[in-house]
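The structure under discussion appears below in the form of structure tokens.
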Amino acid sequence: MLEFWQRVAECNPNHQNKVLTALDPELSGEKALFSNGRLIWESHKDGFFSVHQKEISALTGCGLRLVDGKQVFCDFLSGEKMLVVCGAGHVSIPVIQMGKILGYCVTVLEDRPVFADNARRTGADRVICKPFEQGLREISGGKDTFFIILTRGHRYDQTCLEIIAAKEHAYIGMIGSRSRTARVKEALIEKGVDPGTLERVYTPIGLDIGAETPEEIAVAIMAEIVQVKNKTGRKGGYPREILQAVLEPSRALTEKILATIVSRKGSAPREVGTKMLIYRDGTTVGTIGGGCLEADVRQAALRLLSRANSKSCLYHADLTGKDAETEGMVCGGVIDVLLEAL
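Using UniProt numbering, you'd call the opening residue of the sequence shown number 1 and step up by one each time.
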């Protein structure tokens with residue numbers, strides 16, 4: 001299965017990538033990887049997934065589906081969430097901090113060395129200390145890239161927005177008053193930038209929560225980005241930390257279980273497609289919600305590891321009722337978790 005993980009890691013994040021995992025007893029645990037409707041890898045020796053490519057290509061949404069009457073879990077792979085912050089001033093610092101807390105890979109562009117150093121100390125994954133037009137040439141953009149323009153002046157805003165508008169993106173937000181941002185947009189329209197793209201730029205940036213301090217403005221910005229992200233439906237997939245753990249040579253042969261939420265009803269804490277890696281020693285990578293639920297899933301995973309020739313199983317968790325409340329499972333809801341031995 002190492003080849004499967006390598007193929008997933010190599011997938012173009014801007015393609016429509018999906019993984020099919022068979023849950024039917026006859027095919028339990030068999031997998032296939034599709035990219036833009038084309039089968040690029042499957043584990044089933046008799047080609048179950050290749051035979052049903054047309055039916056699989058029509059599948060939409062992350063969740064349990066039927067293929068030729070057999071139950072499979074369809075997992076659409078979103079790319080790593082990228083946050084690109086133009087400017088490293090006083091508002092950018094809490095934006096960087098919150099971006100990291102929320103799991104984004106944060107890149108900061110800043111042409112002033114002192115401010116660039118502040119971004120590095122704050123924890124940005126990457127800091128490009130160059131003029132904005134040069135730095136943005138190093139950013140490819142994509143369906144999971146969120147651009148935030150927080151520069152120190154409208155001429156820098158204009159430079160950034162002109163370049164970013166031509167890149168693929170999930171979100172563009174620009175700080176500034178309505179009059180300032182309107183002037184920037186008007187100037188760019190005169191230069192030939194697509195008016196439709198400029199119309200979709202979030203200005204003034206952030207949700208309207210009456211924010212005043214840099215920290216409050218950062219909350220408003222990141223809340224808006226979370227809102228936009230969750231409306232796109234690009235959920236599921238394999239987080240970078242899990243991919244890295246599975247492909248890490250030093251632990252490649254270590255016994256472990258991949259836990260994936262495959263169905264969810266009610267107010268369960270995490271969405272379908274959420275994943276966690278569990279090692280035999282009880283250590284984990286990622287989370288499926290924490291608390292007693294996660295502890296129970298971890299124990300179920302360890303039981304699966306102790307059973308010879310058992311590759312996968314479904315763990316059912318009911319977070320409703322008195323027993324769940326007694327155990328502190330206050331979210332409610334019902335979930336099914338697929339446990340797979342790797």
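Glycine included, every Cβ here is placed at the ideal spot set by N, Cα and C.
Beta-carbon contacts of residue i that lie in its chain and below 7 Å, excluding the five residues immediately before and after
i	result
P113	C129
A218	V91, P94, V95 and M98
A187	Q158
C160	C86, F132, L136, I149 and T151
R270	I261, I288 and G289
I189	P195 and L198
A211	I217, V219 and A220
A9	L243 and L247
S57	G37
Residue burial classification, residue i (beta-carbon count within 10 angstroms, cutoff 16)
i	result
V51	exposed
I225	buried
M82	buried
D68	exposed
S78	buried
M329	Because the pLDDT of M329 is 49, which lies under 50, any placement of that residue in the model is unreliable, and the number read from its coordinates should be weighed accordingly. Classification of M329: buried, given that the 10 Å Cβ count is 16 or more.
G153	exposed
H169	buried
I163	buried
residue 366	Past the boundaries of the shown model lies residue 366; the chain is included only from 1 to 342, so the question cannot be answered.
I257	buried
G196	exposed
N309	exposed
N230	exposed
G141	buried
D111	buried
E42	buried
K191	exposed
K275	buried
I205	buried
I139	buried
Cut-off 8 Å between Cβ atoms - residues of its own chain near residue i, not counting five sequence neighbours on either side
i	result
G123	I96, Q97, K100 and V106
K322	In this prediction, K322 has a pLDDT of 48, which is less than 50 and means its spatial position is unreliable; nothing more can be read from the coordinates.
K265	G333, V334 and I335
E26	K70
D75	K18, V19, L20, T21, C62, G236, G237, T260 and G273
N118	A88 and I93
R200	I172
Range of the contiguous alpha helix (DSSP H) that encloses residue i
i	result
M98	S92 to I101
M222	P214 to T232
C160	H154 to I164
T181	R178 to E190
L2	L2 to E10
S50	F48 to V51
I242	R240 to L247
L258	That residue, L258, is in no alpha helix (DSSP H); its beta strand (DSSP E) goes K256 to K265.
V285	From DSSP, V285 is part of no alpha helix (DSSP H) but of the beta strand (DSSP E) over T284 to G286.
A268	First-last for A268: undefined, no H or E at that position.
Q299	G291 to S306
L198	P195 to E199
G135	F132 to G135
Rounded distance between the beta-carbons of residue j and residue i, thought under 8 Å
i	j	result
L102	M222	6 Å
A259	A301	6 Å
S263	L64	5 Å
L338	L23	7 Å
N14	K143	5 Å
Boundaries of the beta strand (DSSP E) in which residue i is found, first to last residue
i	result
A317	S312 to D318
K70	K70 to L77
V337	V334 to A341
I278	K275 to Y279
Cβ shell of residue i (< 6 Å), same chain only, five flanking positions each side left out
i	result
V285	E241, I242, A245 and L277
L207	A220, A223 and E224
V228	Y171
T203	M174 and T181
N17	C11, S35 and L77
H44	E30
F146	L83, A170, Y171 and I225
K185	L198
L342	K256 and L258
I40	L33
Bridge partner(s) assigned by DSSP for residue i
i	result
V108	V85 and V127
E42	A32
A22	V72
I56	Per DSSP, none; premise fails for I56.
V67	K70
F146	L83 and Y171
N118	BP columns for N118 are empty, so no partner.
N17	S35 and L77
Proximity test, Cβ basis, 8 Å: residue i and chain C
i	result
D194	Annotation note: the requested chain C is absent from the structure, which comprises a single protein chain.
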